[in-house]
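Below is one structure, written out as structure tokens; comments come after it.
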């Protein structure tokens, strides 16, 4: 899906836990997620902390979306 | 470490007044066995049924399959840290009732348990259709959480296997097989010219009822470590998995791991089989990285020339498999990986979710997406209520006449990634 949307000319950020798979399938902008069963959250945190975590991932992804990349890039912290 | 495994071959299983083995027939006092298994506060009732090879019987939903074993000599007991105290097992003598298994059945998750057909085309796909199965169906109390339910059924299965296994303690085995692994330095000295081969045993540990336990420890919490292969034959590794039935390792497979068996067969002749490295398949990327780093490190540290790596399950564990392969190869140790495929019903899709050019020696155990029609059976042990939603099932899987069209994914053990299957590929 990532590749098909990009083929249509729209940049994509792939938020993904297993970064190596994302690299294998060919995503260009990759933001690491938390864990496979809860990519955008963490049930071990309380509600406020979790909201903060989720906000960070979304903000990082928006930043990644606007960044110029040369080839596959993983947006670590 | 040296283990004598005494095998008692069972020809038939019947209910009777006394639980015993006589002339190769296992007799079970059903009420006594049910009493033995009772007492769990989470379980309302227990029923036991028998299913024999060739009978028109379908068992579903199947959770675990367990071989009855008993410790005869040497430290510890079967299923250490779980049923017995946490002593180190794998030495002395163990007896096993062969051709018999305890099968735990009944709904826990529903969509993540399997099917065993005792006859027909489905029976060819499951190694457990060839066994006399003692099926334990444990009904949960109302409102029980899935985790508590799984834990209760898991323990009842082991208790059932131990109950039957203990009869074997005083029996004279029909066959005794000896397995021995020497301490590494001695073994290397003994076989200086043989290539040193290890086995990297990947355990399904994704959580959410996809769990494996090692000496009672939840294996998602371990770092890769070493085991003598005979420890595994005494139940050091057990299954707590509710996950796609075709390629999980039921406890029976851990006890009878064919890769370990075959490596021992060649030990001291073609290779020096030095031991087993167990590792996990976790859901955090850092865990995947750490565990695969450690398997590679241990392979190098042991001075191995080659390893066999087997996977359990599919999907994101494909990445654990490829990471293990790549990192071990990068240490200069040759790898063969053992897996299965999800290549779509036509077999045309990519087989694994991850890949690497280093994975150039691969053994597959079949395409789990292949579909099969299972004809109706005269007797159902359990219920076929969940067949439409079982992993490998789809809307309309269960037909009005009782036949079932499913992917072989739904059949317990169909594409087992230790090769505990009959499926194979041949070049023409």
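Residue numbers (my numbering), protein chains in the order written: chain A, 2 to 78; chain B, 912 to 1339.
Ideal Cβ placement from N, Cα and C applies to all residues, glycine included.
Small disclaimer: the values here were computed from a predicted structure and weren't measured.
Nearest-angstrom Cα separation, counted from residue j out to residue i
i	j	result
residue 1103/B	residue 1213/B	14 Å
residue 982/B	residue 1129/B	23 Å
residue 16/A	residue 26/A	13 Å
residue 3/A	residue 23/A	9 Å
residue 1034/B	residue 1322/B	9 Å
residue 1254/B	residue 1302/B	15 Å
residue 1152/B	residue 1244/B	31 Å
residue 931/B	residue 937/B	6 Å
residue 47/A	residue 53/A	10 Å
residue 73/A	residue 28/A	7 Å
residue 990/B	residue 1167/B	14 Å
residue 1189/B	residue 1210/B	11 Å
residue 1238/B	residue 1313/B	48 Å
residue 1283/B	residue 50/A	48 Å
residue 939/B	residue 1225/B	38 Å
residue 35/A	residue 59/A	12 Å
residue 978/B	residue 1013/B	6 Å
residue 1157/B	residue 1077/B	30 Å
residue 1193/B	residue 8/A	33 Å
residue 1098/B	residue 1092/B	8 Å
residue 1162/B	residue 77/A	40 Å
residue 1234/B	residue 1203/B	6 Å
residue 1273/B	residue 1208/B	22 Å
residue 1223/B	residue 943/B	36 Å
residue 1137/B	residue 1306/B	44 Å
Cut-off 7 Å between Cβ atoms - residues of its own chain near residue i, not counting five sequence neighbours on either side
i	result
residue 993/B	1069, 1124, 1127, 1149
residue 1057/B	1019, 1020, 1120
residue 1179/B	1102
residue 14/A	30, 32, 62, 65, 66
residue 953/B	1051, 1052, 1055, 1059, 1060, 1063
residue 974/B	1015, 1016, 1019, 1024, 1064, 1153
residue 1331/B	1038, 1164, 1169, 1324
Minimum Cβ-Cβ distance from residue i to chain B less than 9 Å
i	result
residue 70/A	no
residue 36/A	yes
residue 12/A	no
9 Å Cβ cutoff, residue i in contact with chain A
i	result
residue 1194/B	yes
residue 1117/B	yes
residue 1152/B	no
residue 1234/B	yes
residue 905/B	Since the first residue of chain B shown is 912 and the last is 1339, residue 905/B is not available in this structure.
residue 1177/B	no
residue 1199/B	yes
Neighbour list for residue i in chain A, Cβ cutoff strictly below 9 Å
i	result
residue 1264/B	19, 22, 25, 26
residue 1227/B	18, 19, 22, 37
Residues near residue i in its chain [Cβ-Cβ closer than 6 Å; skip 5 each side]
i	result
residue 1001/B	912, 914, 1139, 1141, 1142, 1145
residue 885/B	Coverage of chain B is limited to positions 912 through 1339, which leaves residue 885/B absent and any answer about it impossible.
residue 1086/B	918
residue 1079/B	919, 981, 1006, 1008
residue 1290/B	968
residue 1249/B	1221, 1274, 1328
Sequence-distant residues of the same chain with beta carbon closer than 8 Å to residue i, five excluded per side
i	result
residue 1095/B	1185, 1186, 1213
residue 1342/B	Any answer about residue 1342/B is impossible in this case: the structure gives chain B only from 912 up to 1339.
residue 941/B	926, 959
residue 921/B	932, 935, 936, 937, 1008, 1009, 1010, 1011, 1043
residue 996/B	987, 988
residue 1067/B	948, 951, 954, 957, 1015, 1047, 1049
Amino acids of chain B, ordered along the chain, whose beta-carbon sits closer than 8 Å to that of residue i
i	result
residue 33/A	1196
Identity of the residue in the options nearest residue i by Cα
i	options	result
residue 1090/B	1177/B, 1188/B, 1201/B, 1319/B	1177/B
residue 1265/B	1283/B, 1274/B, 1229/B, 1253/B	1229/B
residue 929/B	980/B, 1026/B, 1074/B	1074/B
residue 1116/B	1231/B, 975/B, 1043/B	1231/B
residue 1329/B	1160/B, 1211/B, 971/B, 1240/B	1160/B
residue 1118/B	60/A, 37/A, 18/A	37/A
residue 923/B	957/B, 962/B, 1314/B	962/B
residue 1049/B	1287/B, 945/B, 979/B	945/B
residue 1259/B	1280/B, 1173/B, 1199/B	1280/B
residue 1051/B	1251/B, 1105/B, 949/B	949/B
residue 964/B	1195/B, 1320/B, 1046/B, 1030/B	1030/B
residue 1131/B	1183/B, 1107/B, 1201/B	1201/B
residue 1271/B	1285/B, 1220/B, 1293/B, 1295/B	1220/B
residue 1268/B	1173/B, 970/B, 1246/B, 1109/B	1246/B
residue 1319/B	1197/B, 1113/B, 1293/B, 1251/B	1251/B
Min CB distance residue i to chain C below 9 Å
i	result
residue 7/A	The structure shown has no chain C; the protein chains it does contain are A and B.
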